[in-house]
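A quick write-up on the structure given underneath.
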Amino acid sequence: MPAARRLSLKKPFSHWPRLEGAVVTDGAIGRLSHVISTQTTAPSVHRGRARAGAVGPRYRGDAWPAVTAGAGANGGGARAGPGGRLCVAGMRSRQRAFAAVMRLCVKCLRVGRRRRFRLAWRAQQLWRYGHLCLRSLLYNSFTNSDVLLDSLFEPIYWLVDHVTRWFGVVFVALVIVLTSSIVAIVYICLLPLILQTYPPGWVCWHLAYGHWNLLMILFHYSMAITTPPGNPPQAKSNTVAVSICRKCISPKPARTHHCSICNRCVLKMDHHCPWLNNCVGHYNHRYFFSFCLFMTMGCIYCGISSWDMFREAYAAIERMKMLEKERLQVAANQTYYQTPPPAFSFRQRAFHKSIVYLWVLCSSVALALGALTLWHAALITRGETSIERHINKKERQRLQKKGRVFRNPYSYGAWDNWKVFLGVETRRHWLTRVLLPSTHLPHGTGLSWDRPPCVTEPRTPLLAI
Ligand SMILES: [Zn+2]
Ligand SMILES: [Zn+2]
Numbered sequence: 003m004p005a006a007r008r009l010s011l012k013k014p015f016s017h018w019p020r021l022e023g024a025v026v027t028d029g030a031i032g033r034l035s036h037v038i039s040t041q042t043t044a045p046s047v048h049r050g051r052a053r054a055g056a057v058g059p060r061y062r063g064d065a066w067p068a069v070t071a072g073a074g075a076n077g078g079g080a081r082a083g084p085g086g087r088l089c090v091a092g093m094r095s096r097q098r099a100f101a102a103v104m105r106l107c108v109k110c111l112r113v114g115r116r117r118r119f120r121l122a123w124r125a126q127q128l129w130r131y132g133h134l135c136l137r138s139l140l141y142n143s144f145t146n147s148d149v150l151l152d153s154l155f156e157p158i159y160w161l162v163d164h165v166t167r168w169f170g171v172v173f174v175a176l177v178i179v180l181t182s183s184i185v186a187i188v189y190i191c192l193l194p195l196i197l198q199t200y201p202p203g204w205v206c207w208h209l210a211y212g213h214w215n216l217l218m219i220l221f222h223y224s225m226a227i228t229t230p231p232g233n234p235p236q237a238k239s240n241t242v243a244v245s246i247c248r249k250c251i252s253p254k255p256a257r258t259h260h261c262s263i264c265n266r267c268v269l270k271m272d273h274h275c276p277w278l279n280n281c282v283g284h285y286n287h288r289y290f291f292s293f294c295l296f297m298t299m300g301c302i303y304c305g306i307s308s309w310d311m312f313r314e315a316y317a318a319i320e321r322m323k324m325l326e327k328e329r330l331q332v333a334a335n336q337t338y339y340q341t342p343p344p345a346f347s348f349r350q351r352a353f354h355k356s357i358v359y360l361w362v363l364c365s366s367v368a369l370a371l372g373a374l375t376l377w378h379a380a381l382i383t384r385g386e387t388s389i390e391r392h393i394n395k396k397e398r399q400r401l402q403k404k405g406r407v408f409r410n411p412y413s414y415g416a417w418d419n420w421k422v423f424l425g426v427e428t429r430r431h432w433l434t435r436v437l438l439p440s441t442h443l444p445h446g447t448g449l450s451w452d453r454p455p456c457v458t459e460p461r462t463p464l465l466a467i
């Protein structure tokens, strides 16, 4: 053996990273340790060709016995004496130890790489799954700025819906309490004064009109809060639907909309009224409007009737405040030697304050509810609901850009719209169905919209919404 066969461990680990991917067995690693120690017979390994496929015949077990038997630090193993044998044995034990350490390192590297690779693969799979879920949830072929804004304001809508749902009972109780207080003040304070001071003709008129107005308010309010607005059938039916409700997942007839507070679809939905704690729809729309109208009329009536009394009561309250101020000054300075003016009794104070409360509340409600009533009257004149008002406005603008004219398919003209809304088919109905309490049903079922018989001029619907 040439003397050049010396131990050379220059860059002993330089070839290990190149073993990745190869099926390295224990025997192969043992042989690799020999390669490291001898170097002369395995230059290709040091050049980095120790891959399983690139080792070649020199790497096979049958090509190595000549090396293992006599390989030593001093040259040929055949010339080595006992000392040389000991040295060779020591060298072999070190080689084995080194090979064991290398095996351990290879295992650690392999396990570490495998674990990192598995974690990266799982993270990639999770990312792809999450991305797919997000896209499937958010995908909408009709996505536009409105949908985006709705999505952003969804938490606020949710809060408002729940607050309105739970406070509906409170609002109804408030309406009943406030109305009862006004009626009580009218009976206790206003009516006795009218009976004492007004001429008989005016007294009769006040009694008749006041009680008729009160009766209409009570009747229409009780009907509005107790009459269901009408809902489309949940079971399969022959109803002609124009769309599918996204919340109910059921067919939606024309003019039907979903109420997020009631959590159901409502026929010819106008809006959800918190003061009724009920939806305003096909079957109670007339009750709602009549209540608004008669309540506004009642408030205007009370405001006008109590105007003179309100001015007197207001002046009396101002005098009460001045007297109270003077009394406090007397108590503080003790300089008031004159006889103090007579103080107002509790009954007088309550009377004046009640009149002021009645006038302020009635005039406020008359203004607010009057504006709402006028708005709904304009909508009824056009044959629209509050929701259709927005839909028709958009549709009108869209068609206008195309040079076309939008026509509401549910409008039969202003006069006929009022007749259809109030259910007036004959002249007698103006008295029995409008001016007196009536429980007659509206025309149609709210599922389909045929032309009512009271409509004189037939019109062909152009568009169903
Ligand atoms: Zn619905
Ligand atoms: Zn509702």
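Just so we're aligned: the sequence shown equals residues 3 to 467 in this note's numbering.
We put the beta carbon where it would ideally sit given N, CA and C, even for glycine.
Does any residue of chain B bring its CB to less than 9 Å from the CB of residue i?
i: Lys323; result: No chain B is part of this structure, which consists of one protein chain only.
Secondary structure at residue i, three-state DSSP: helix, strand or coil?
i: Arg266; result: strand
i: Ser347; result: coil
i: Tyr61; result: Any reading at Tyr61 must be qualified, since the residue scores a pLDDT of 42, below 50, and its modelled position is unreliable; the value itself is stated next. Of the three classes helix, strand and coil, the one that applies to Tyr61 here is helix, per DSSP.
i: Cys107; result: helix
i: Ser245; result: strand
i: Asn142; result: coil
i: Asn554; result: A question about residue 554 goes unanswered here, because the residues of the chain that appear run from 3 up to 467.
i: Asn279; result: coil
i: Cys304; result: helix
i: His284; result: coil
i: His442; result: coil
i: Pro194; result: helix
i: Lys404; result: coil
i: Pro234; result: coil
i: Glu201; result: According to the sequence displayed, residue 201 carries Pro and not Glu. The answer is coil: DSSP assigns Pro201 none of H, G, I, E or B.
i: Cys261; result: strand
Based on Cα-Cα distance, which residue from the options lies nearest to residue i?
i: Pro411; options: Ile187, Asn419 and Leu216; result: Asn419
i: Leu449; options: Gly232, Ile319, Arg112 and Arg288; result: Gly232
i: His378; options: Asp272, Phe173 and Phe312; result: Asp272
i: Val367; options: Phe296, Pro455 and Cys281; result: Phe296
i: Tyr189; options: Ser239, Met322 and Leu360; result: Leu360
i: Phe293; options: Arg116, Leu374 and Val165; result: Leu374
i: Ser307; options: Ser365, Cys281 and Lys323; result: Ser365
i: Ser413; options: Pro444, Lys396, Pro454 and Leu433; result: Pro454
i: Tyr303; options: Ala122, Lys396, Leu376 and His208; result: His208
i: Ile219; options: Ile184, Arg130, Phe155 and Gly203; result: Ile184
Counting only the same chain and skipping the five closest in sequence on each side, list residues whose C-beta sits under 6 Å from that of residue i.
i: Cys247; result: Lys254, His260 and Cys267
i: Pro234; result: Pro255, Thr258 and Cys267
i: Tyr141; result: none
i: Phe312; result: Ile357 and Trp361
i: Asp28; result: Reliability of the predicted coordinates at Asp28 is poor, the pLDDT of 46 falling under 50, and the value obtained from them is presented with this limitation in mind. Excluding sequence neighbours, Asp28 sits near nothing in its chain.
Under 8 Å Cβ to Cβ from residue i, same chain only, skipping five residues before and after it: list those, please.
i: Met299; result: Asn215
i: Leu217; result: Pro439
i: Arg435; result: Leu424, Gly425, Val426 and His442
i: Ala318; result: Phe346, Gln350 and His354
i: Val205; result: Ile196 and Leu197
i: Val407; result: Leu401
i: Val149; result: Asn142
Using C-beta distances below 7 Å, list every residue in its chain close to residue i, excluding the 5 sequence neighbours before and after it, in chain order.
i: Asp452; result: Gly446
i: Arg167; result: Ile263
i: Tyr289; result: His222, Met225, Ala226 and Thr229
i: Cys191; result: Phe353, Ser356 and Ile357
i: Leu369; result: none
i: Arg430; result: none
i: Tyr316; result: Val358
i: Gly305; result: Trp361, Cys364, Ser365 and Ala368
i: Gly283; result: Pro231, Gly232, Val268, Leu269, Lys270, Met271 and Asp272
Handout entry: For review: beta carbons within less than 5 Å of any heavy atom in ligand 1
Key = Cys247, Lys249, Cys250, His260 and Cys267
Exercise for the section: Mind listing, in chain order, the continuous alpha helix (DSSP H) runs of no fewer than 4 residues lying wholly within the stretch 353–399? Expected result: none
Exercise for the section: List in chain order: all unbroken alpha helix (DSSP H) runs of 4+ residues lying wholly within the stretch 117–173. Expected result: 147–154
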